[in-house]
Amino acid sequence: MTLDKTVGSAAEAVADIGTGSSLAVGGFGLAGIPWFLIEALLEQGADDLTIVSNNCGVDGGGLGLLLEAHRIRRVIASYVGENKEFARQYLAGELTVELTPQGTLAERLRAGGSGIGAFFTPTGVGTLVAEGGLPWRYHPDGSVAVASPPKEVRTFHGREMLLEESIVTDYALVRAAVADRAGNCVFHAAARNFNPPAAMAGRITVVEAERVVDVGELDPDEIHLPGIFVQRVVELTPQQAARKGIEKRTTRPREEALS
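Position 10 of the sequence shown, counted from 1, bears residue number 9 in numbering that gives the first Met the number 0, the numbering being contiguous throughout.
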């Protein structure tokens with residue numbers, strides 16, 4: 000008998016996420032983010048959350064919704080991005096933010112999912128990332144309340160490298176183009192981004208899938224994320240699957256129109 004990890008709704012899938020939980024969330028900007036799992040979590044009510052994600056959505060969209068509702072206590076991310084409320088809360092001392100080099104963040108998540116406690120990387124050597132002093136949290140008056148600690152630096156093969164700890168979270172929320180009922184996932188193009196490492200880092204990983212197929216329909220060679228990393232799968236409706244926002248639309252006139 001094949002294990003079926005599908006659940007009836009996004010609300011059911013996030014129902015047990017409690018106050019104070021840590022979550023790894025897939026996506027890059029608005030590409031590949033788990034729109035409906037985030038909105039279900041907003042409706043569910045959990046707060047005091049720690050979010051690990053490339054960025055924190057945008058104003059009015061994605062993780063920005065949880066941020067605006069003051070449900071997030073701490074963010075581990077690569078950049079602030081287009082989210083003005085994220086920047087405001089950080090600078091006002093309302094939010095703890097651990098900014099991490101993008102590749103380092105991806106590897107911290109992947110390493111956590113692989114059972115690796117820490118690793119050495121040259122990224123950040125000679126900067127405040129290694130030396131400490133990056134503002135993690137401000138006082139309301141603008142002074143630094145909490146700063147990053149220094150990290151161990153060692154030399155390997157003649158090159159200095161610093162020690163980075165892996166990340167394991169209570170939950171992970173990701174979005175896939177296709178998933179089977181055992182949780183094996185396929186992502187589409189650039190929407191793959193941080194989804195696989197985020198999924199690996201979660202003790203309980205929830206996938207919202209644009210399409211769900213039976214086990215055996217996916218060619219093993221096309222699977223990007225093995226189902227062993229996934230505990231719950233939510234199938235989106237066609238209308239939900241079609242919802243894919245972008246941060247900025249940039250276009251140019253067609254040549255034939257100009258002529």
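Idealized CB from N, CA, C, for every residue including glycine.
Out of curiosity, what's the CA-to-CA distance linking residue i and residue j?
i, j, result
"MET160", "ALA240", "42 Å"
"GLU254", "GLY244", "27 Å"
"ASN192", "PHE27", "6 Å"
"GLU234", "GLY92", "39 Å"
"SER20", "LEU48", "5 Å"
"ALA14", "LEU40", "8 Å"
"HIS69", "ILE50", "12 Å"
"ASP3", "ALA181", "5 Å"
"ALA12", "GLN88", "29 Å"
"LYS83", "GLY157", "42 Å"
"ASN53", "GLN101", "7 Å"
"LEU133", "PHE119", "19 Å"
"ALA23", "SER113", "15 Å"
"PHE340", "GLY215", "Not covered by the structure: residue 340. The range shown for the chain is 0 to 258."
"LYS150", "VAL128", "8 Å"
"GLY131", "ASP169", "27 Å"
"ASP46", "GLY61", "16 Å"
"LEU217", "PHE186", "12 Å"
"GLN238", "ILE32", "16 Å"
"SER165", "SER142", "29 Å"
"VAL152", "GLY56", "33 Å"
"ARG109", "GLU163", "12 Å"
"PHE35", "PRO225", "22 Å"
"ILE227", "ARG202", "11 Å"
"ASP213", "THR18", "34 Å"
"ALA10", "GLU42", "8 Å"
"GLY111", "LEU90", "30 Å"
"THR236", "ASN194", "20 Å"
Taking only three categories from DSSP, how would you classify residue i?
i, result
"PRO237", "helix"
"LEU172", "strand"
"PHE155", "strand"
"ASP220", "helix"
"VAL232", "strand"
"MET0", "For MET0, the predicted model reports a pLDDT of 46, less than 50, meaning its position is unreliable; a value from the coordinates is still stated below. Three-state DSSP puts MET0 in coil, outside helix and strand."
"PRO225", "coil"
"VAL214", "coil"
"VAL79", "coil"
"VAL13", "coil"
"ARG180", "coil"
"THR99", "coil"
"ARG251", "coil"
"ALA188", "helix"
"PHE35", "helix"
"LEU162", "strand"
"ALA117", "strand"
"PHE27", "strand"
"VAL124", "coil"
Would you please verify whether the beta carbon of residue i is less than 8 Å from any beta carbon of chain B?
i, result
"GLY92", "The displayed structure is made up of one protein chain only, and chain B is not part of it."
For residue i, which residues does DSSP report across the bridge?
i, result
"SER21", "THR49"
"VAL167", "According to DSSP, which records beta bridges pairwise, VAL167 is partnered with nothing at all."
"ARG72", "ARG72 is not bridged to any residue."
"GLY201", "THR168"
"VAL206", "VAL173 and VAL232"
"GLY60", "VAL57"
"PRO134", "ALA146"
"VAL6", "VAL233"
If I'm right that residue i touches residue j with Cβ under 8 Å, what's the distance once you round it to whole angstroms?
i, j, result
"GLY25", "VAL173", "4 Å"
"VAL6", "VAL167", "Rounded, the Cβ-Cβ distance is 23 Å, inconsistent with contact."
"THR103", "GLY123", "7 Å"
"GLU38", "LEU64", "7 Å"
"GLN230", "THR204", "6 Å"
"ALA259", "ALA30", "Outside the shown range of the chain, which is 0 to 258, sits residue 259, and nothing can be said about it."
"HIS223", "CYS184", "6 Å"
"GLU81", "GLU246", "5 Å"
Review point. Can you find at least 3 beta carbon pairs, one from the stretch 169-183 and one from the stretch 200-212, that sit closer than 8 Å?
Key: yes
Check your understanding: Are at least three pairs of beta-carbons, each pair with one atom in the stretch 63-81 and one in the stretch 92-99, less than 8 Å apart?
Key -> With three or more CB-CB distances shorter than 8 Å, the stretch 63-81 counts as touching the stretch 92-99.
Review point. Can at least three beta-carbon pairs, one atom from the stretch 142-155 and one from the stretch 190-204, be found at a separation below 8 Å?
Key: no
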